[in-house]
Structure formats: structure tokens, C-alpha cells
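Below is one structure; the comments refer to it alone.
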């Protein structure tokens, strides 16, 4: 599922194509995605001018001139891409098409249909069932070491699970939690309530740094994710630990033996390890992360 960097990259790609533009035509090619689309969905969008394109957590927010907000979530396989040839035939999974007065087509393509779209009055946005209760934006001013420590205090769950809780911090997913814990030097097994003081400062800084680097690289492309222009993201080439089981991590000598002739003997205790937490793979360095 696209995480915060992937969604932010899509938002940044959509802004120059949508902001200030009127939606000349909106085509709805099916009645539902993960949930039914709102009544009169296309008619309520058509003719509206886009004021602003933003993001909250993993949600894309397209603010319109009549006070409505088009809320979009990419789900597992969703894409919002600017069609390079607006006259090209639609693909089978192009479910919603936004066409601007400048002639651009933004196509919401979702093969697995786990994505969603909703129309919300702007005033009601904070209370929307998908947004209410979300934690702070990790790239915003409200997210820092003391705030993270406050939200982790008393949580007797592994720090990995706590960071995936969208009420603690918004927008993080499995990839970027693994990477952030690595750069903060914290074990994914560590109890969340023990991440206070300097540990919380390190972790908040690592989260911000990892996310910014991922956005700069256009996010991580695994299976379906592409940027708004159809290009792949490249941050997967910079992963320190995620999906690197058995390899040396980049900042210590834990995996040095794995490069030598005795790799077979020492491979079990050297290099990046994998464990399963709450049904999801966690990748970490047992030497660097405590």
C-alpha cells in the first residue's frame, strides 16, 4: 500500500495540473471502488474549479471552489496519473477520469479496487470517519521528540506496532517504520513506553529524515505504485534494511562475515534479520538496533 512519501509525491505531481483548473468533464465508469461512490458523484465534480491539492496522512485532498473536498485513497493498487495522451483509449481499470479545461486527463486506475473516493464538505473534513483521530503529520511542526514521547507513554506494545498506529503518527507504513527504527538505532521489539527523552528525539528525527529522502526519490515502487507522471519511484534502491534479509546493513559491520568465506556459518547471526510482528515482516539490524 502506498505510504506517506508515495502519496505526497502524487500530490506534488497533481498540483501543477489541477490547481486553478476547472474540471471540464468528469467520467465515472463504475458505481463503486472499495465503497460506493457518492450520489451524483460526476455531476457534483463537473464544472468545479480546483483551489488546492493537499494531503492528510495517506489521503489525497482536492479542494474545490464550492467548498467540497474530493478525498481519495489509493488503496493497494490505485494510481492517479496524468494521461500522456488524453485521447488514448481507457484501460479496463480506469474507473474515474478528471479532465481539465487545459486538456489534461487525470485517471484513477485501480485494478484491485481497494482505493476509495468521497466528497466531503470542507468544514466537515476534520470529523470525517477516515480522518478523525489521526495523529500528527510527521513532517509538520506538531511532530517532534516530546510529542512522540507523550503519545508513546504507557504503551506496552512493541514500538514497531505503535508507529503503525495512525493515532500515534499519521501516514507511516511498514517500509518507513522499519527504516526509521534502523536509523534511530531502536529495536522493533522495544516496548513503546520506553522510547522517551533522547530515544524519542532520535526517532522523531529519523522519521522526518527518512520520509524527506523518500519523497525526494519519488517514493518506493514495489508492484503498482507510480508517480503522477507515470514514472516509478526510486527509494527502494536506498533501503537500509527493508527487504534486505541476510545482507549487511550500511552503517555497521554486523554483516561483514556474510561477505566472507564463512558466510554460511555466521549468516544466521550477521546481517539484516527478519521477524514477523502482527502478521507483517519486520527487517532490522540486531547489532545496531537496541
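In this note's numbering, the protein residues as written are 207 to 496.
Cβ coordinates follow ideal geometry from the N, Cα and C atoms, glycine included.
Neighbour-count burial assignment, residue 344, 16 or more Cβ in a 10 Å radius: Flag for residue 344 reads buried.
Using beta-carbon positions only, say whether residue 318 and residue 281 come within less than 8 Å of one another. yes
By a C-beta neighbour count over all protein chains shown, 10 Å radius and 16 as the cutoff for buried, is residue 327 buried or exposed? Residue burial annotation: residue 327 is exposed, with fewer than 16 other C-beta atoms found within 10 angstroms of its C-beta.
Determine which residues share a DSSP beta bridge with residue 215 and list them. DSSP, once it has assigned bridges, lists no residue as partnering residue 215.
My guess is that residue 245 and residue 324 are in contact by the Cβ rule of under 8 Å, so how many angstroms apart are they, rounded? Not really, about 11 Å apart at Cβ, beyond 8 Å.
Outcome for residue 487 when other beta-carbon atoms lying within 10 angstroms are tallied against a minimum of 16: With fewer than 16 Cβ atoms within 10 Å of its Cβ, residue 487 is classed as exposed.
What residue range does the alpha helix (DSSP H) around residue 314 cover? Element bounds for residue 314: not the alpha helix (DSSP H) but the beta strand (DSSP E), 311 to 316.
Among residues of its own chain, excluding the 5 on either side of residue 321, which ones have a beta-carbon nearer than 6 Å to its beta-carbon? For residue 321, where only same-chain residues beyond five positions count, the Cβ hits under 6 Å are 239, 279, 280, 281, 284.
What do you get for residue 484, buried or exposed, if any count of 16 or more other CB atoms within 10 angstroms of its CB means buried? exposed
Residue 473 by DSSP, collapsed to three states: which one? Here residue 473 scores only 43 on pLDDT, less than 50, and its place in the model is too uncertain to base an answer on.
Proximal residues to residue 251 (C-beta, below 6 Å), its chain only, five neighbours per side dropped: Apart from sequence neighbours up to five positions away, the residues of its chain that approach residue 251 with a beta-carbon distance below 6 Å are 229, 232, ordered along the chain.
Go to residue 375, then tell me how far its alpha helix (DSSP H) extends in each direction, as first and last residue. For residue 375, there is no enclosing alpha helix (DSSP H), as DSSP gives it neither H nor E.
Tell me whether the beta-carbon of residue 259 lies closer than 8 Å to the beta-carbon of residue 220. yes
The stretch 286 to 299 / the stretch 344 to 356 touching (three or more Cβ pairs under 8 Å): No, the stretch 286 to 299 does not touch the stretch 344 to 356.
Here's the rule I'm using: 16 or more other beta-carbon atoms within 10 Å means buried, otherwise exposed. How should residue 241 be labelled? exposed
Please report how far the alpha carbon of residue 257 lies from the alpha carbon of residue 387, in whole angstroms. 37 Å
Simplified DSSP assignment, three categories, for residue 448: coil
Under a three-way DSSP split, which group does residue 441 fall into? helix
Could you give the residue range of the beta strand (DSSP E) that holds residue 349? No beta strand (DSSP E) holds residue 349; DSSP gives it neither H nor E.
From residue 265 to residue 393, what distance separates their C-alpha atoms? 29 Å
Going by the CB atoms, is the gap between residue 368 and residue 390 shorter than 8 Å? no
Residues of its chain near residue 385, where Cβ-Cβ distance is below 7 Å and the 5 sequence neighbours each way are ignored: Result list for residue 385: 416, 445, 446, 447, 448, in chain order.
Looking only at its own chain, which residues have a Cβ that is under 8 Å from the Cβ of residue 482, when we skip the five neighbours before and after it? For residue 482, same chain residues with a beta-carbon under 8 Å away, outside a window of 5 residues either side, are 488 in chain order.
To the nearest angstrom, how far is it from the Cα of residue 408 to the Cα of residue 236? 47 Å
With 16 other CB atoms within 10 Å as the buried threshold, where does residue 262 fall? buried
CB of residue 310 within 8 Å of CB of residue 288, strictly: yes
Kindly identify the DSSP beta-bridge partner or partners of residue 488. 481
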